[in-house]
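Structure first, then comments.
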Amino acid sequence: MMHLQLRTELDLETYLEPSLVACCDGSIHARNRAAHLALSPQTSISSLFDICSGRAEALRTYLIRCSGSRQPLIEKVSFNGEGGAFDYRCFGNALVPRRKSRPASLLLRLLPVRDARFAARAECMKRLRTERHWRLAMEQSAELRSDRLRLVEQYCFVAEALRVAEAQNRRLQDEIKHIRTDERERIAQDLHDHAGQEMALVLVELRRMRDAAHGPARARLNDLAVHVSEVGRKIHHAVVGGRPRIVEELGLSRAIEITAVWFTTDGRLDLSFKKKGVESDALPAALESALYRVAQEALTNALRHALGAQKIDIVLEFNCQSVSLTIADDGVGLSTEAQQQGELGSSGIGLRGMQQRMNGIGGTLQIGPRFGKGTIVTAVAPLRPEPQQSAPP
Amino acid sequence: MPPIIANATSPSIDSLAVDFDHHRLFETLVAGMADLLETTAGAEDACAYVSSIAARLGSDIEKQYKTALGVQNLNRDQLLAVLIDLNRRADGAFFIIEEDEDHIVLGNCKCPLGQAVINHPSLCMLTSNIFGVMTANAVGYAAVDLEQTIARGAAACRVVLHLKRTELHPDTREYFRDDASAASN
């Protein structure tokens with residue numbers, strides 16, 4: 001039994017059979033899709049009496065009876081449809097009773113007059129019901145497709161977040177590597193500057209004492225001098241070990257040239273290496289190490305980020321005041337954002353590391369667009385560095 | 394073919410003890426139709442069908458009483474008198490058990506439909522709808538509770554007419570003043 005209160009037109013769609021909300025005067029307020037299809041789908045109808053093909057007075061009397069009952073009352077009614085007039089069993093009841101001048105609202109549900117299995121009209125309604133089920137299935141399918149699309153979008157978002165996290169992880173690993181290298185070099189430098197000098201003074205004094213002594217004391221002092229000399233040699237090896245081995249073995253210019261050749265062995269880039277001036281045999285180890293690391297980092301960046309680059313030019317110039325290193329590529333160049341953030345900005349720990357290395361030896365580093373196309377990195381290291389205002393300990 | 398002549402020794406046909414008469418005919422017909430309706434259309438649809446007939450009957454009876462009384466609408470006293478009277482005319486035995494401002498309780502120990510009503514509760518929609526329609530049109534609203542019915546095996550019916558809207562039980566049936574009566578008020 002139907003005690004449902006229809007709140008909105010949408011609720012009518014809960015009925016599979018043609019259903020309408022109408023007034024006692026026959027005016028139609030709402031109808032579901034099934035009613036729309038069954039009753040004159042091509043034209044808009046405003047009153048039941050416009051499509052009533054039976055006795056209008058009987059329909060009027062029935063509607064009035066329905067207005068007095070919350071429970072459905074059954075009556076046979078005839079309405080015109082797309083294929084002509086059809087008879088229905090109408091289940092009608094009051095939804096909202098009459099209030100003052102507002103007539104009662106009625107719910108009218110139309111069912112086949114005869115057994116639903118045999119009536120042609122019932123077959124038609126069954127087909128309409130099937131079509132409606134099909135439409136609902138299609139709507140659900142569309143929702144599923146939409147859900148799948150959302151899942152794919154979320155997957156892409158997560159994948160992008162993962163990629164960013166991995167890139168950040170790589171940057172952190174690079175930073176750790178740079179910090180370790182810097183610390184190692186700082187310790188080596190300290191050993192060279194302090195312990196090494198002290199050991200040299202001790203050795204000189206021991207030798208003087210040895211030369212002045214006689215007998216067993218002289219032999220004993222000689223043993224001590226040899227021992228101290230051995231300790232000094234170990235300190236020297238420790239200092240040398242903090243520098244890139246290739247620089248130690250080949251010298252700065254040859255080390256940079258060989259490293260550049262390694263970077264370009266896959267044939268993607270043409271390499272041009274020029275050395276100007278005379279390379280001193282007694283270049284400070286810190287200067288050699290810093291310039292070599294800058295060259296290494298600049299070559300790495302050129303390979304990684306210089307899209308479209310075809311050539312790398314390296315110029316290493318020695319003069320009496322300084323050593324300058326220039327590495328230029330013909331790629332797409334630095335982004336505007338990177339340039340706005342300063343010479344080095346935050347475009348990577350590699351660039352920051354390069355800057356720190358050059359600062360550490362009192363040198364300068366400039367990175368910018370190359371004339372024409374590409375990026376140019378210029379590092380200048382003084383041979384006699386000025387004291388650093390805020391040098392790291 | 395020679396005419397059949399009753400044997401003088403055999404009993405008269407019209408004096409045979411055959412349990413069939415006018416009432417028996419209608420009782421059997423009504424009970425059979427109600428049974429068929431409840432079993433084929435289902436209890437709910439059967440109630441709806443009987444309700445439709447009862448709603449027509451209620452409107453028709455109400456119209457006759459109004460015409461006979463020469464009134465546009467029945468007042469409460471007239472309504473009670475009419476409900477008792479129409480049942481008396483239909484060979485029922487309704488009586489008022491109690492009444493107050495909000496409700497009227499009626500009893501009945503003899504159903505106008507006789508034995509036909511037993512086990513056929515859809516026929517109780519006659520009472521519900523006739524009482525409901527007439528009461529709603531007279532006082533504006535009615536809700537009918539068939540608390541006990543002969544149809545369901547009770548010795549007597551107990552029918553409660555609520556005249557104001559209260560909490561409804563699932564089996565309570567509501568009636569409103571129909572649009573024609575409301576418009577004439």
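Protein sequences, first through last, are from chains V and E. Take the first sequence: its position 4, counted from the start at 1, is 4 in my numbering, and no numbers get skipped. Take the second sequence: its position 87, counted from the start at 1, is 480 in my numbering, and no numbers get skipped. Virtual Cβ for every residue (Gly too), placed ideally from N, Cα, C.
Since residue i is in the alpha helix (DSSP H), which residue starts that stretch and which ends it?
i, result
"E:D428", "H415 to T433"
"V:S46", "It is not in any alpha helix (DSSP H) - V:S46 carries neither H nor E in the DSSP assignment."
"E:I511", "Per DSSP, E:I511 belongs to no alpha helix (DSSP H) and is neither H nor E."
"E:C550", "Unbroken run through E:C550 is the beta strand (DSSP E), C550 to H555; no alpha helix (DSSP H)."
"V:E249", "R245 to L250"
"V:D64", "Looking at the sequence shown, residue 64 of chain V is not Asp but Ile. From DSSP, the alpha helix (DSSP H) with V:I64 extends over A56 to S67."
"V:Q197", "Q197 to A212"
"V:S289", "A285 to H305"
So residue i packs on residue j, CB below 8 angstroms; how close in whole Å?
i, j, result
"E:L516", "E:V537", "Not confirmed; about 14 angstroms, so no contact."
"E:I511", "E:L499", "About 20 angstroms; that fails the 8 angstroms criterion."
"V:G331", "V:G360", "No, V:G331 and V:G360 are not in contact; Cβ-Cβ is about 28 angstroms, not under 8 angstroms."
"V:T300", "V:V315", "So it is not a contact: roughly 18 angstroms between Cβ atoms."
"E:S445", "V:I74", "5 angstroms"
"V:Y292", "V:V261", "Wrong, their Cβ atoms sit about 14 angstroms apart, outside the cutoff."
"V:C23", "V:L106", "7 angstroms"
Going along chain V in order, which residues have a C-beta closer than 9 angstroms to the C-beta of residue i?
i, result
"E:V464", "Simply none; closest approach about 19 angstroms."
"E:V526", "R65, G68 and S69"
"E:R558", "Going along chain V, no residue has its Cβ under 9 angstroms from E:R558, so there is no contact; the nearest lies around 10 angstroms."
Can you list the residues of chain V that residue i reaches, using a CB-CB cut of under 7 angstroms?
i, result
"E:E567", "R70"
"E:S452", "R65"
"E:A529", "G68"
Use the C-beta contact count for residue i: other C-beta atoms within 10 angstroms, 16 or more gives buried, fewer gives exposed.
i, result
"V:S146", "exposed"
"V:Q341", "Interpretation of V:Q341 is limited by its pLDDT of 46, a score under 50 that renders its predicted location unreliable; the figure taken from the coordinates is listed afterwards. When all chains shown are included, V:Q341 counts as exposed."
"V:N319", "exposed"
"V:R98", "buried"
"V:E337", "In this prediction, V:E337 has a pLDDT of 45, which is less than 50 and means its spatial position is unreliable; what the coordinates show is noted afterwards. When all chains shown are included, V:E337 counts as exposed."
"V:R245", "exposed"
"E:T435", "It is Gly, not Thr, that sits at residue 435 of chain E in the sequence shown. By the 10 Å Cβ count, E:G435 comes out exposed."
"E:N468", "exposed"
"V:R233", "exposed"
"V:D25", "exposed"
"V:I187", "exposed"
"V:L344", "At V:L344, the pLDDT of 44 sits below 50, so the modelled position is not reliable and the matter cannot be decided from this model."
"E:D438", "buried"
"V:L108", "buried"
"V:I258", "exposed"
"V:Q5", "Any reading at V:Q5 must be qualified, since the residue scores a pLDDT of 46, below 50, and its modelled position is unreliable; the value itself is stated next. So V:Q5 ends up on the exposed side."
"V:N169", "exposed"
"E:G550", "This sequence places Cys at residue 550 of chain E; Gly is not what is there. Buried, by the Cβ-count rule."
"E:M527", "buried"
"V:V152", "exposed"
"V:T265", "exposed"
So residue i contacts chain E; which residues on that side make the cut at Cβ distance below 7 angstroms?
i, result
"V:L73", "A441, S444, S445 and A448"
"V:C24", "D572"
"V:P97", "F569"
Specify, as a first and last residue, the run of the beta strand (DSSP E) that residue i falls within.
i, result
"V:D87", "G84 to V96"
"V:D270", "D270 to K276"
"V:T364", "T364 to P369"
By DSSP's criteria, residue i is part of a beta bridge. Which residues make up the other side?
i, result
"V:E75", "V:C90"
"E:Y458", "Note: E:Y458 sits in no beta bridge, so no partner."
"E:V475", "BP columns for E:V475 are empty, so no partner."
"V:V21", "V:A30 and V:L107"
"E:S445", "BP columns for E:S445 are empty, so no partner."
"E:R566", "E:V537"
"E:A501", "First, the amino acid is wrong: residue 501 of chain E is Asn here, not Ala. E:F487 and E:C550, per the DSSP bridge assignment."
"V:S324", "V:E317 and V:V380"
"E:T528", "Beta-bridge pairing links E:T528 to no other residue."
"V:G81", "V:G84"
"E:D571", "E:D571 pairs with nothing; no bridge assigned."
"V:I312", "V:L271 and V:D329"
"V:R99", "V:R102"
"V:T375", "V:D329 and V:P369"
Residues of chain E with CB under 9 angstroms from residue i, in chain order?
i, result
"V:F91", "D438 and A441"
Using a cut-off of 8 angstroms between C-beta atoms, extract the partners of residue i located in chain E.
i, result
"V:A94", "F569"
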